[in-house]
Amino acid sequence: MRITIIGCGSIGSKLAKAADEMNEVKRIYLMDIRKDVAEGVASKLKKAIVVQSVEEELYHCDLVIEAATQAAAREVLPAVVSRGVDVMIMSVGSLVDDAFREAVFEKARVSEAKVFIPTGALCGTDGLRSASGEGLDEVELITTKGPKSLADVQYLVDKGIDVADIRERTVVYSGTAREAVSIFPKNINVAATVSLLGIGFDRTKVTIVLDPEIKDNSHELRLKGKFGEMVCHTYNHPEPDNPKTSHLATLSAISALKRIVRNEWFGI
Ligand SMILES: NC(=O)c1ccc[n+]([C@@H]2O[C@H](COP(=O)([O-])OP(=O)(O)OC[C@H]3O[C@@H](n4cnc5c(N)ncnc54)[C@H](O)[C@@H]3O)[C@@H](O)[C@H]2O)c1
């Protein structure tokens, strides 16, 4: 299999390293708006080369992995799936736009491209997916982070919240997943994954808490439905090179790639 990785940052670089060790992966095309970053990653790998444009590589690529930004996802996804090439999406928040998401999924249906969305930094998505088959009454995600992780969020600045002043556990957002994903595009991709698997962006509730005492970000996923109730708590160590990203998100991307290249589907 030949794969293209868009975005060679925290997730993309580690995914590329893991892919380099997978026998099933024969070639890795790396693309980053910062060419020096892509070249730095490629220089340490056996199977990787740096490319300038994803579209050119689609002729000889089996799977494109987006690990860059929501903007990058919006730019490349339509072209990739139109060409019938499978895609794995890490910037899941890009799918909050209904018209864009439906267009991408429709193009993928027509071309028979597969769309893969790893579970990311969250556990419990297996139960959510199964339970949603029979109707869910409530889905709520409560995310707790250290104040610094939301230091650059304009929404908090506009609300007069200076995260440096937070001394105790404080709820800084409560609302729909749709709004949360738009306000915190780099911080709450899991809310988009939960929405897609469950009851959609408008009915999924999201609460974001800042807590100066915690070391690990946590996600609490709460469901109620005909199946019963589920509460699933994940405590995530951050990636040292990007504290906004949880290490589990990287591991999830690597594990998803292994399943795809080996065509092994346990616990689906
Ligand atoms: N699904 C999840 O649970 C989950 C968890 C963590 C992060 N994410 C998302 O995954 C994505 C990658 O995360 P990360 O921690 O590796 O980020 P990062 O900032 O460490 O790396 C992103 C890389 O993408 C590059 N880039 C930016 N725009 C680009 C473009 N248009 N084309 C090509 N390259 C571009 C940057 O130069 C950078 O090297 C982010 O959108 C992040 O929000 C998802």
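Numbering follows the working numbering, in which position 165 of the sequence shown is assigned residue number 814; successive positions increment by one, without gaps. Glycine is no exception: its CB is placed at the ideal position from the N, C-alpha and C atoms.
Kindly indicate the opening and closing residues of the beta strand (DSSP E) around residue i.
{"i": "N885", "result": "877-885"}
{"i": "K854", "result": "854-859"}
{"i": "T825", "result": "819-825"}
Using the three-state DSSP reduction, which class does residue i fall into: helix, strand or coil?
{"i": "I903", "result": "helix"}
{"i": "S895", "result": "strand"}
{"i": "K794", "result": "strand"}
{"i": "S831", "result": "helix"}
{"i": "I714", "result": "strand"}
{"i": "R908", "result": "helix"}
{"i": "F765", "result": "strand"}
{"i": "D851", "result": "helix"}
{"i": "L771", "result": "coil"}
{"i": "V700", "result": "coil"}
{"i": "D890", "result": "coil"}
Starting from residue i and walking both ways along the alpha helix (DSSP H), at which residues does that stretch end?
{"i": "L919", "result": "There is simply no residue 919 to check, as the chain begins at 650 and stops at 917 in what is shown."}
{"i": "T653", "result": "Per DSSP, T653 belongs to no alpha helix (DSSP H); it is in the beta strand (DSSP E), 651-655."}
{"i": "S844", "result": "838-846"}
{"i": "S779", "result": "774-780"}
{"i": "I869", "result": "In the sequence on display, residue 869 carries Glu and not Ile. Premise fails: E869 lies in the beta strand (DSSP E), 866-874, not in any alpha helix (DSSP H)."}
{"i": "E706", "result": "703-706"}
Comparing alpha-carbon positions, which option in the options lies nearest residue i?
{"i": "E787", "options": "A898, I848, Y804", "result": "I848"}
{"i": "S740", "options": "E761, G916, I654, A668", "result": "I654"}
{"i": "A667", "options": "V910, I917, G916", "result": "V910"}
{"i": "E761", "options": "T718, V753, S659", "result": "V753"}
{"i": "I863", "options": "I815, G916, P767", "result": "I815"}
{"i": "H886", "options": "K875, E878, T899", "result": "T899"}
{"i": "K794", "options": "N866, V725, F749, G776", "result": "N866"}
{"i": "A665", "options": "R750, N912, L906", "result": "L906"}
{"i": "S798", "options": "V821, S779, G782, G784", "result": "V821"}
{"i": "A722", "options": "G733, D711, K695, R750", "result": "R750"}
{"i": "G733", "options": "R651, D681, L712, G773", "result": "L712"}
{"i": "I660", "options": "E913, K893, W914", "result": "K893"}
{"i": "M650", "options": "S662, K684, K696, R683", "result": "K696"}
{"i": "V736", "options": "Q719, A717, K763, R758", "result": "K763"}
- Kindly provide the ranges of any alpha helix (DSSP H) runs that are 4 or more residues long and lie completely inside the stretch 657-696, ordered along the chain. With a minimum length of 4 residues, the continuous alpha helix (DSSP H) runs that stay inside the stretch 657-696 are 659-669, 684-691.
- Which full runs of the alpha helix (DSSP H) of 4+ residues lie inside the stretch 723-761, going along the chain? Taking 4 residues as the shortest admissible run, the stretch 723-761 contains the following complete alpha helix (DSSP H) segments, listed from N- to C-terminal end: 747-760.
- contact_flag[the stretch 718-731, the stretch 694-704] where n(CB pairs < 8 Å) is 3 or more: In this structure the stretch 718-731 touches the stretch 694-704; the number of beta carbon pairs closer than 8 Å is three or more.
- Message: Does the contact criterion of 3 or more C-beta pairs under 8 Å hold for the stretch 689-699 versus the stretch 805-816?
- Response: no
- Query: With a cut-off of 8 Å, do at least 3 Cβ pairs link the stretch 671-688 to the stretch 741-758?
  - Reply: Contact between the stretch 671-688 and the stretch 741-758 is absent, because fewer than three Cβ pairs lie under 8 Å.
- Task: Would you be able to state if there are at least three C-beta pairs under 8 Å between the stretch 827-835 and the stretch 756-776?
- Result: no
- Stretch-stretch touch, CB-based, cutoff 8 Å, three pairs: the stretch 846-861 with the stretch 879-896: no
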